[in-house]
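This report refers to the structure that appears directly beneath it.
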Amino acid sequence: MSESELITAGKHLHLRRYGTWEYVTRANASAIVIVVAMTDDQRVILVEQYRPPIQARVIEFPAGLAGDIAGAEDERFEEAARRELLEETGYEVGELTHVFDGTSSAGLTDETVSFFVAKQVRKVAVGGGDASEDIEVHEVPFADINGWLKSRVVAGRMIDSRIYSGLYLLGTSSVFGM
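All letters in the sequence shown, in the order written, are residues 675 to 852 by the numbering used here.
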């Protein structure tokens with residue numbers, strides 16, 4: 675692959691051109707980590723927050739950037755996953771398993787997403803995100819998740835499409851003994 679051309683650089687994102695294709699890269703992170711977590715009593719841990727690009731509140735798995743903290747640019751993805759779950763939800767991870775890596779939107783960005791499954795989680799803090807975030811934590815019984823998600827859509831919420839990848843992992847993955 676030949677070099678791409680920088681079109682413009684923002685604080686967090688860069689717009690680049692490769693041939694006739696324009697795409698976005700992150701200026702301050704190495705990847706996104708997503709944590710698919712379920713409590714011992716079979717409750718799926720989800721977060722809800724306002725996303726300005728789509729001007730809506732979105733239901734998501736806890737997630738965040740790896741390598742976005744000054745002085746910790748080489749942060750391991752597992753460390754970022756543990757940090758983000760605690761920061762956003764107040765849950766600490768007992769066992770964390772990297773399941774797969776994928777693209778976030780291959781036609782728009784070179785960004786990758788690392789999925790982790792968290793077991794033996796326990797509530798140790800309030801959560802809610804950092805000072806720049808307004809995160810609401812939801813603990814939804816796995817048996818009721820489909821109906822709950824539908825009710826959130828009826829209430830005007832958007833559902834992050836990666837929720838369905840995570841639910842597939844919860845329903846088929848041996849990491850939860852299911």
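Just so you know, even glycine gets a beta-carbon here, dropped at the ideal spot from N, CA and C. Only a predicted model underlies this, so the values are computations on that prediction, with no experimental measurement involved.
- In the three-state reduction of the DSSP assignment, Phe790 falls in the strand class.
- Counted as a single uninterrupted DSSP element, the alpha helix (DSSP H) harbouring Arg826 occupies residues 819-828.
- CA-CA distance, Val721 to Ala737, rounds to 9 Å.
- DSSP, read as helix, strand or coil, puts Ala755 in helix.
- Around the beta carbon of Ala755, 16 or more other beta carbons lie within 10 angstroms, which makes this residue buried.
- Arg831 sits in coil when the DSSP states are folded into three classes, being neither helix nor strand.
- Ranked by how close their Cα comes to the Cα of Val787, the residues Val795, Arg796, Val773 have Val773 in first place.
- Apart from sequence neighbours up to five positions away, the residues of its chain that approach Glu813 with a beta-carbon distance below 7 Å are Thr713, Arg717, Ile719, ordered along the chain.
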